[in-house]
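Everything below concerns the one structure shown next.
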Amino acid sequence: MFKIIGALAGFYIFHGFFGALIGFFIGSGIDNYQKLKTQFQGAGGAGFNNAQDVFQYYQQRSTSASDVPTMLMALSAAVMKADGKVLTAELNYVKSFFSQQFGPQFSKHHLQTLKKFLDSSSIPLPQICNDIKMRMQPAVRVQLIHYMFGIAKADGDVSQSELNVIAQIAQLLGVSNVEFESVKNMFYRNVDSDYSVLGITPTATDEEVKKAYRSMAIKHHPDKVAQMGEEYQKGAKEKFQQIQDSYDAIKKRRGMK
């Protein structure tokens, strides 16, 4: 509607075709703004009707590589929605993570973004994860898996549905199965967990154990994410310590020097 009004106004004000053309473009801009405003206004409104709407909203919010919060909020919502109920413990975990990671830059607007994703009928993980994969380094993507397991474990237990969603995200982000199992076994403890943390099986030789430890220690050294915020570094240090603890436990069990 505004593009027609703009074209008429431009024609009469500037007395000619070029005036009408200018008015048309200005009016088109107003029409587009009104359309976006209607589609994305308010965090308290209803969720989106389909995955394409969600991805358009995601793109509107994450227009730069520095807009990490929107990326994290989309993944956070996917994990929080996985078991069909969003728990206070999960929300508190997310809020705590963002407060430590982004400090004063974290605001109610980020929580409004989270609510938009939570209210949506579906989250287009393939498109969103592909976007994140192109923007983030491999070491950071592994830390995202660690963060999502933290959300899932916030209530004391990681459900199968949450595990399935995190596994799907890990695959879409290009995180290897060995890396995924390593992080998972920081949250799932059993007799084989120490070996899984190192990415090997109990049948590995002592030399293979040592080689796996050296490889994982180098790959997951906290310096790999030194450019990221405090909470990323905290997660990296926890994983690095878990690698060390698992190696020490295996050495003690086997009597290795």
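Numbered according to the numbering used here, the sequence shown spans residues 1224 to 1480.
We treat Cβ as the ideally placed atom computed from N, Cα and C, and that holds for glycine.
Below 6 Å CB to CB, which residues in the same chain sit around residue i once its five sequence neighbours on both sides are set aside?
i     : result
S1405 : V1420, G1422
N1400 : none
D1417 : S1469, A1472, I1473
I1355 : M1294
Mapping DSSP to helix, strand and coil, what is residue i?
i     : result
N1408 : coil
K1308 : coil
G1397 : coil
D1471 : helix
D1378 : helix
K1480 : coil
I1346 : coil
A1449 : coil
P1425 : coil
S1319 : helix
S1330 : coil
D1415 : coil
Q1360 : coil
H1443 : coil
Suppose the cutoff is 7 Å on Cβ atoms and the five residues either side in sequence are ignored; what does the same chain contact list for residue i look like?
i     : result
L1341 : A1300, M1303, K1304, V1309
H1333 : P1292, M1296, F1321
Given residue i, which residues of its chain have a CB within under 8 Å of its CB, disregarding the five upstream and five downstream residues?
i     : result
F1463 : A1440, H1443, H1444, P1445
I1351 : F1278, Y1281, M1294, A1297, L1298
Check your understanding: With a cut-off of 8 Å, do at least 3 Cβ pairs link the stretch 1390-1399 to the stretch 1320-1332?
Key -> The stretch 1390-1399 makes no contact with the stretch 1320-1332, as fewer than three CB pairs between them are under 8 Å.
Check your understanding: Between the stretch 1377-1385 and the stretch 1423-1440, do three or more beta carbon pairs fall short of 8 Å?
Key -> Cβ pair count under 8 Å is below three, so no.
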